[in-house]
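Line by line, the protein sequences give chains A and B.
If you're matching positions, the first sequence starts at 1 in my numbering and goes up one per residue.
If you're matching positions, the second sequence starts at 1001 in my numbering and goes up one per residue.
Glycine residues also receive a C-beta, built at the ideal position from the N, C-alpha and C atoms.
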Amino acid sequence: MEKRNKMIKELSVIVGLSVMAGFSINYFSPNGISYIGSWDTASGVITAKAKNDAVVREREIMDVKTVKQIFDADKTVFIDARPYKEYEESHIKGAVSFPPAQFDERIEAFLLNYSPSISIITYCSGRECRDSHELAQMLIDSGFSETRVFIDGYPLWEKEGYPVE
Amino acid sequence: MNKMIPALVWNPRLQLFFRLVLGITFIYASIHKIIYPGKFAQIIYGYGLFPSELINITAIFLPFLELFSGLFLVIGIYKDSAALIINIMLTVFIAAISINLIRGHEFDCGCFSAEITGYEVSSVHLLLRDIIFLFMGVHLFITESKSNDD
Chain A
1 MEKRNKMIKE LSVIVGLSVM AGFSINYFSP NGISYIGSWD TASGVITAKA KNDAVVRERE
61 IMDVKTVKQI FDADKTVFID ARPYKEYEES HIKGAVSFPP AQFDERIEAF LLNYSPSISI
121 ITYCSGRECR DSHELAQMLI DSGFSETRVF IDGYPLWEKE GYPVE
Chain B
1001 MNKMIPALVW NPRLQLFFRL VLGITFIYAS IHKIIYPGKF AQIIYGYGLF PSELINITAI
1061 FLPFLELFSG LFLVIGIYKD SAALIINIML TVFIAAISIN LIRGHEFDCG CFSAEITGYE
1121 VSSVHLLLRD IIFLFMGVHL FITESKSNDD
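Have a look at this one:
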């Protein structure tokens, strides 16, 4: 009985310390997250809702037909945020490859080719993929304020039978 | 021979070795998760097993449970309790990996890094590694509890 009580006390200390440290550090950390995230894809791209979160709902375009209308108007640059290997296999017709992991290496060349006043739509592999949002945030920080995110990305575009290459 | 096996099992050096391996592994595994809780939360989501209301709370709390359990094992205080917590966590990890293996669900284990790396490490490899860790943890729990009784 004494041994059992001792173990309960020890377990409480370890769990208690973990709870206190976890919630305190999360509160003060710049990477801290909300207690409840947004994990329903019906609401948009999934996110833990971190303090510095790149996922911004206002930038999201949820309707693929709206994206097709923008595509047909031919005034917007489509940027593929997926890894280059996937882009090479197939992508939205005319889209430019720009994986966010290579942002630092490629932003200078991008700035030479495109004016910050252009309209941009980023996309990746759907609502469980955050790369399109990460890239949109980086582009907006670089001055491309007219950047939005097509959240259903390449899989739905292809499924709808829209132009790919 | 019959006396050699118990002598090996109860060897204090083996206990120390298992404590250090498990302790350092769990401390190391916790660091990226503590720095990037959002990425760790996304990895938990990727397992497809946890209710969405609990994902963030788990991502905030679990890395510190790994850190303190590992730390207590290395320092050498509350050793049997720390081993018990580590065994419970390993059992949950083994169950989660097994369920996803059986249903063919691709996921990122997020074991040592909160960076989402894709399905690069074989799930079977992960499962075997966690089973070896669990063997060490069960050995530690039994021998440390027995040492405390003596």
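Residue ranges of each beta strand (DSSP E) run of no fewer than 3 residues wholly in the segment 1075-1111 of chain B, ordered along the chain? The segment 1075-1111 of chain B contains no whole beta strand (DSSP E) run of 3 or more residues.
Verify the CB distance criterion: does Gly44/A have a CB-CB separation below 9 Å to chain B? Looking up residue 44/A in the first sequence gives position 44. Not an interface residue.
Beta strand (DSSP E) segment containing Asp80/A, residue limits: Here residue 80/A is taken as the residue at index 80 of the first sequence, counted from 1. Unbroken beta strand (DSSP E) run through Asp80/A: 76-80.
If we define contact as Cβ-Cβ less than 9 Å, is Leu17/A a contact residue for chain B? Within the first sequence, the letter at position 17 stands for residue 17/A. Yes, Leu17/A lies at the interface with chain B (some Cβ there is under 9 Å from its Cβ).
For the beta strand (DSSP E) that Arg148/A lies in, which residues bound it at each end? One-based indexing of the first sequence puts residue 148/A at position 148. Looking at the DSSP string, the run of the beta strand (DSSP E) that includes Arg148/A is 147-150.
Look at the alpha carbon of Val146/A and the alpha carbon of Ile1131/B, and state the distance between them as a whole number of angstroms. Counted from its first residue, the first sequence places residue 146/A at position 146. Counted from its first residue, the second sequence places residue 1131/B at position 131. The question names Val, but residue 146/A in the sequence shown is Glu. Roughly 51 Å separates the two Cα atoms.
Quick one: what does DSSP say Ser18/A is sitting in, helix, strand or coil? Locating residue 18/A in the first sequence gives position 18, where the first residue counts as 1. DSSP places Ser18/A in helix when its eight states are reduced to three.
Need the endpoints of the alpha helix (DSSP H) that Ile121/A sits in, please. Against the first sequence, residue 121/A aligns to sequence position 121. Segment 119-123 is the beta strand (DSSP E) holding Ile121/A; no alpha helix (DSSP H) there.
Does the Cβ-Cβ distance between Arg1065/B and Val64/A come in under 9 Å? Reading the second sequence from its first residue, position 65 is the one you call residue 1065/B. Reading the first sequence from its first residue, position 64 is the one you call residue 64/A. Per the sequence shown, residue 1065/B should be read as Leu rather than Arg. The answer is no: Cβ separation not under 9 Å.
Short of 8 Å in beta carbon distance, which residues of its chain neighbour Ile1027/B, apart from the five on each side in sequence? Order them along the chain. Position 27 of the second sequence, counted from the start, is the residue given in the question as residue 1027/B. Non-local beta-carbon contacts of Ile1027/B in its own chain, meaning distances under 8 Å to residues more than five positions away in sequence, involve Glu1066, Leu1067, Gly1070, Leu1071, Val1074 in chain order.
Chain-ordered chain B contacts of Leu135/A [CB-CB under 8 Å]: Taking the first residue of the first sequence as 1, we reach residue 135/A at position 135. None at all; the shortest Cβ gap to chain B is about 15 Å.
Test item: CB-CB of Ile1060/B and Phe23/A under 9 Å: Locating residue 1060/B in the second sequence gives position 60, where the first residue counts as 1. Locating residue 23/A in the first sequence gives position 23, where the first residue counts as 1. Contact: yes.
Measuring CB atoms only, is the segment 150-163 of chain A touching the segment 82-97 of chain A, in the sense that at least three cross pairs come out at less than 8 Å? In this structure the segment 150-163 of chain A lies against the segment 82-97 of chain A, because at least three pairs of beta carbons, one per stretch, are closer than 8 Å.
Contact under 9 Å by Cβ, Lys1033/B with Leu1062/B: The residue you call residue 1033/B lines up with position 33 of the second sequence. The residue you call residue 1062/B lines up with position 62 of the second sequence. It is a contact, given that the beta carbons lie within the stated cut-off.
Are the beta-carbon atoms belonging to Leu1090/B and Leu1134/B less than 9 Å from one another? What you label residue 1090/B is simply residue 90 of the second sequence in a count that begins at 1. What you label residue 1134/B is simply residue 134 of the second sequence in a count that begins at 1. Yes, the Cβ-Cβ distance between Leu1090/B and Leu1134/B is below 9 Å.
Identify which residue in Ile79/A, Arg57/A, Ala50/A, Tyr35/A has its Cα closest to the Cα of Tyr1036/B. Here the question's residue 1036/B lines up with position 36 in the second sequence. Closest option to Tyr1036/B, judged by alpha-carbon separation, among Ile79/A, Arg57/A, Ala50/A, Tyr35/A: Ala50/A.
Consult DSSP for Ala48/A and reduce its assignment to one of helix, strand or coil. On the first sequence, residue 48/A is found 48 positions in, with the first residue counted as 1. Per DSSP, reduced to three states, the secondary structure at Ala48/A is coil, with no helix or strand assignment.
Beta-carbon of Ser191/A versus every beta-carbon of chain B: anything under 9 Å? Since the first residue of chain A shown is 1 and the last is 165, residue 191/A is not available in this structure.
Could you tell me whether any Cβ in chain A is nearer than 9 Å to the Cβ of Gly1023/B? Counted from its first residue, the second sequence places residue 1023/B at position 23. Residue contact check for Gly1023/B against chain A: no CB pair falls below 9 Å.
Within 9 Å (strictly less), CB to CB, does Ser29/A reach chain B? Numbered from its first residue, the first sequence carries residue 29/A at position 29. Among the CB atoms of chain B, one or more fall inside 9 Å of the CB of Ser29/A.
Cα separation between Trp1010/B and Thr1143/B? One-based indexing of the second sequence puts residue 1010/B at position 10. One-based indexing of the second sequence puts residue 1143/B at position 143. Straight-line Cα distance between these residues: approximately 7 Å.
Where Ser43/A sits in the DSSP three-state scheme: Residue 43/A sits at position 43 when you count from the first residue of the first sequence. DSSP places Ser43/A in the helix class (H, G or I) of the three-state scheme.
Express the C-alpha separation of Ser34/A and Ala136/A in angstroms, rounding to a whole number. Translated into the one-based positions of the first sequence, residue 136/A becomes position 136. Translated into the one-based positions of the first sequence, residue 34/A becomes position 34. If I take the Cα positions, the gap works out to 22 Å.
Thinking C-beta only, is Leu139/A closer than 9 Å to Ile61/A? For the purposes of this step, residue 61/A is taken as residue 61 along the first sequence, with counting starting at 1. For the purposes of this step, residue 139/A is taken as residue 139 along the first sequence, with counting starting at 1. Not in contact: Ile61/A and Leu139/A (Cβ atoms no closer than 9 Å).
Are the C-beta of Gln1042/B and some C-beta of chain A separated by less than 9 Å? Along the second sequence, read from residue 1 onward, the residue named residue 1042/B stands at position 42. Closer than 9 Å: yes.
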